[in-house]
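Inspection log for the structure reproduced underneath, given as structure tokens.
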Amino acid sequence: MEIKNDRMYTKSHEWVLFENDTTATVGLSDFAQSELGDLVFVNLPQVGDAVTAGQSFADVESVKTVSDVFSPVTGVVAAVNEALLDAPQLINENAYGAWLVKVENITGREELLDASAYRALVEK
Amino acid sequence: MSETETLLKTPLYAMHVRYCGKIVPFAGYLLPVQYETGVMKEHQAVRENVGLFDVSHMGEVLFVGPDALANIQHLLCNDFTSLQDGRVRYSPMLNPRGGVIDDVLVYRFSLAKYLVVVNAANRHKDVAHMLSARTGDVKIADISDSLCQLALQGPKAEALLGTLVPESMIPQKYYSFIPDVSVGGVNCLVSRTGYTGEDGFEFYAAAGDAEKLFAALLAAGQPFGLALCGLGCRDTLRMEAAMPLYGHEMDDTVSPLETGLGRYVKMEKADFIGKQALLAAGEPKRARIGLKMLGRGIAREHFPVYAGDQPIGHNTSGTFCPTVGPVAMALVDAKYQTVGNRLSVEIRGSRVEAEIVPLPFYTRQK
Chain A
1 MEIKNDRMYT KSHEWVLFEN DTTATVGLSD FAQSELGDLV FVNLPQVGDA
51 VTAGQSFADV ESVKTVSDVF SPVTGVVAAV NEALLDAPQL INENAYGAWL
101 VKVENITGRE ELLDASAYRA LVEK
Chain B
1001 MSETETLLKT PLYAMHVRYC GKIVPFAGYL LPVQYETGVM KEHQAVRENV
1051 GLFDVSHMGE VLFVGPDALA NIQHLLCNDF TSLQDGRVRY SPMLNPRGGV
1101 IDDVLVYRFS LAKYLVVVNA ANRHKDVAHM LSARTGDVKI ADISDSLCQL
1151 ALQGPKAEAL LGTLVPESMI PQKYYSFIPD VSVGGVNCLV SRTGYTGEDG
1201 FEFYAAAGDA EKLFAALLAA GQPFGLALCG LGCRDTLRME AAMPLYGHEM
1251 DDTVSPLETG LGRYVKMEKA DFIGKQALLA AGEPKRARIG LKMLGRGIAR
1301 EHFPVYAGDQ PIGHNTSGTF CPTVGPVAMA LVDAKYQTVG NRLSVEIRGS
1351 RVEAEIVPLP FYTRQK
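Protein chains in written order, with this note's numbering: chain A, 1 to 124; chain B, 1001 to 1366.
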């Protein structure tokens, strides 16, 4: 399982990669995609939607289950990765490339873990 | 399932762990929902090549004695008088209210010996019911724990089996079986049955031989692209084939006529448990339909189904199926069952449009 050192993680297995203090990209960790199994459906917010740290902003579905995706930050959706709507398996293939949303105007953050703290969490 | 309830392991549990199965509780057993390959590729392997499933959780009940047939006829709503030795027949088993206790497969060895294969979750309830209804000279024995069951499913299953046994030991007709076939040195009952909508076989053998049989099939399967398959694709495969699953398409409160199993209910039989209730109920008021989602979303079990603003029923199963996409089966008011009708399914607060399509969703090319 891959954990990239260039970004931060939530305890609920999202990753967040900051461009600067107020702009970041958000996705699902490799651990999350592996636990979920083959993804077959993704529901994403729209550009301009507000997201709140710790609150669900999207959902992903495998054959078996629906899972909420929680926002690592509070801000406004600046872009959504629409390629995922038709090809959710991109998340399984490359969890760190298949970002879900870009968030701007960030004003708050969930408790975030660096790569080594996140590795400790998932290897527990 | 309460945490205090002990989960059982099939004789192949160590194999599932060795081959990195993702283990989940199912019907009281610890079974792999998938292996490393994943549900989508496991499903595809069964549609295109061949897949191997551990279905040892299934229950097996032997009926032996001069009154075996009379007991089967009374317990089950299908007709078994015409069933020949070496053949298999499906039937619902009803309660006196006409609801479904379980759906079973019946293997006839002789007029005085039948094997009834039941769902794992219903096994104890079924056996209690069978014993309470028992009449005359018949022994009814639950032999589930002494057996393993494996399913080899897919268009290449027959060619694979042909590398392990002589052609005369391969059951030729669908729903036929041969007892006492040596497969990789293991004595098996082999039947041409399955729960995937593909050609294939099921093997019953002594529990102690499970690993040997599993290893023989796995090794013989390598040139055929065999995939180890978990419960996840077992569900998507049976769903595409519109095979009903107990606890979903039917239960103790659903009539077999409502859930589309009418062809397995022989009302002309003199009597069977549940017949009077079915007669009293008359024409079924609900029907099982197939839904193809037109809008975005996956309509899952229990989600409500609407015709316009009118709630008319609920989904009994629903998921994303690898071969046919997002589909569902639903039990709805019978007057809305016409193929082509547009309905909607409520998915977490939003209504998503769906169209009634014929069942099954998938039929194999023969």
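Glycine included, each C-beta is placed from N, C-alpha and C at the ideal position.
Remember, predicted model here, so these are calculated numbers, not experimental data.
Worksheet item: Which term fits threonine 1037 of chain B, buried or exposed, when burial requires 16 or more other beta carbons within 10 angstroms of its beta carbon?
Response: Buried: at least 16 other Cβ atoms inside 10 Å.
Worksheet item: Closest to isoleucine 1298 of chain B by CA distance: which of B:Met1267, B:Glu1353, B:Ala1205 and B:Ser1255 is it?
Response: Of the listed residues, the one whose Cα sits closest to isoleucine 1298 of chain B is B:Glu1353.
Worksheet item: For isoleucine 1023 of chain B and chain A, any beta-carbon pair shorter than 8 Å?
Response: No, no contact with chain A.
Worksheet item: Taking the continuous beta strand (DSSP E) assigned at leucine 36 of chain A, which residues delimit it?
Response: Segment 30-36 is the alpha helix (DSSP H) holding leucine 36 of chain A; no beta strand (DSSP E) there.
Discussion item. Is it buried or exposed, threonine 1236 of chain B, if we count other Cβ atoms within 10 angstroms and call 16 or more buried?
Written reply: The residue in question, threonine 1236 of chain B, is buried, as its Cβ has 16 or more Cβ neighbours within 10 Å.
Worksheet item: Under 8 Å between C-beta atoms, does glutamate 61 of chain A make it to chain B?
Response: Yes, because at least one Cβ of chain B sits closer than 8 Å to the Cβ of glutamate 61 of chain A.
Fill in: C-beta atoms of leucine 36 of chain A and threonine 25 of chain A nearer than 8 Å
8 Å or more divides the Cβ of leucine 36 of chain A from the Cβ of threonine 25 of chain A.
Fill in: Contacts that aspartate 68 of chain A makes with chain B (C-beta to C-beta distance below 7 Å)
The contacting residues do not exist; aspartate 68 of chain A stays about 10 Å from chain B at best.
Worksheet item: What does DSSP give as the partner residues of glutamate 1346 of chain B in its beta bridges?
Response: Paired residues: B:Arg1351.
Item to complete: Please confirm if valine 40 of chain A has its CB atom under 8 Å from at least one CB of chain B.
Response: It does: the Cβ of valine 40 of chain A has a partner Cβ on chain B nearer than 8 Å.
Worksheet item: Helix or strand or just coil, what does DSSP make of arginine 7 of chain A?
Response: In the structure shown, arginine 7 of chain A sits in coil (DSSP, three-state: anything other than H, G, I, E or B).
Practice prompt. Please determine if the region 1334-1347 of chain B and the region 1292-1308 of chain B are in contact, where contact requires at least 3 C-beta pairs separated by less than 8 Å.
Written response: When C-beta atoms of the region 1334-1347 of chain B are compared with those of the region 1292-1308 of chain B, three or more pairs fall below 8 Å, so the two segments count as touching.
Item to complete: Determine, using beta carbons only, whether methionine 1001 of chain B comes closer than 8 Å to chain A.
Response: For methionine 1001 of chain B, the pLDDT reaches just 44, beneath the cut-off of 50, and the residue's location in the model is therefore unreliable, although a value from the coordinates is still provided. Output row for methionine 1001 of chain B: interface = no.
Worksheet item: CA-CA distance, leucine 1279 of chain B and serine 1110 of chain B?
Response: One Cα belongs to leucine 1279 of chain B, the other to serine 1110 of chain B, and the distance between them is close to 32 Å.
Worksheet item: Start and end of the beta strand (DSSP E) containing tyrosine 1306 of chain B?
Response: Looking at the DSSP string, the run of the beta strand (DSSP E) that includes tyrosine 1306 of chain B is 1304-1307.
Worksheet item: If you draw a straight line from the C-alpha of proline 1171 of chain B to the C-alpha of valine 1190 of chain B, how long is it?
Response: Distance between proline 1171 of chain B and valine 1190 of chain B, taken at the CA atoms: about 7 Å.
Practice prompt. Identify every residue that forms a DSSP beta bridge with tryptophan 15 of chain A.
Written response: DSSP lists A:Tyr9 and A:Gly27 as partners of tryptophan 15 of chain A.
Worksheet entry | C-beta atoms of valine 122 of chain A and phenylalanine 31 of chain A nearer than 8 Å | In contact: valine 122 of chain A and phenylalanine 31 of chain A (Cβ atoms closer than 8 Å).
Worksheet entry | Cutoff 8 Å: glycine 1232 of chain B Cβ touching any chain E Cβ | Absent here is chain E; the protein component of the structure consists of chains A and B.
Worksheet entry | Same chain, Cβ closer than 8 Å to aspartate 1145 of chain B, five either side skipped, listed in chain order | A distance below 8 Å between beta-carbons, with the five flanking residues on each side excluded, links aspartate 1145 of chain B to the following residues of its chain, in chain order: Ala1207.
Fill in: Cα-Cα separation between leucine 113 of chain A and glycine 75 of chain A, rounded to whole angstroms
It is roughly 19 Å from the alpha-carbon of leucine 113 of chain A to the alpha-carbon of glycine 75 of chain A.
Fill in: Neighbour flag for leucine 48 of chain A against chain B, beta carbons, 8 Å
The question names leucine, but residue 48 of chain A is glycine in the sequence shown. Taking Cβ atoms only, chain B never reaches closer than 8 Å to glycine 48 of chain A, which makes this a no.
Fill in: Backbone secondary structure at serine 1146 of chain B - three-state DSSP
Helix, per DSSP.
Discussion item. Count Cβ pairs between the region 1092-1102 of chain B and the region 1264-1275 of chain B that sit closer than 8 Å; are there 3 or more?
Written reply: Contact holds: three or more Cβ-Cβ distances are below 8 Å.
Worksheet item: Looking at the C-beta of glycine 1194 of chain B, does it have a partner C-beta in chain A at a distance below 8 Å?
Response: Residue contact with chain A for glycine 1194 of chain B: absent (no Cβ-Cβ distance below 8 Å to any residue of chain A).
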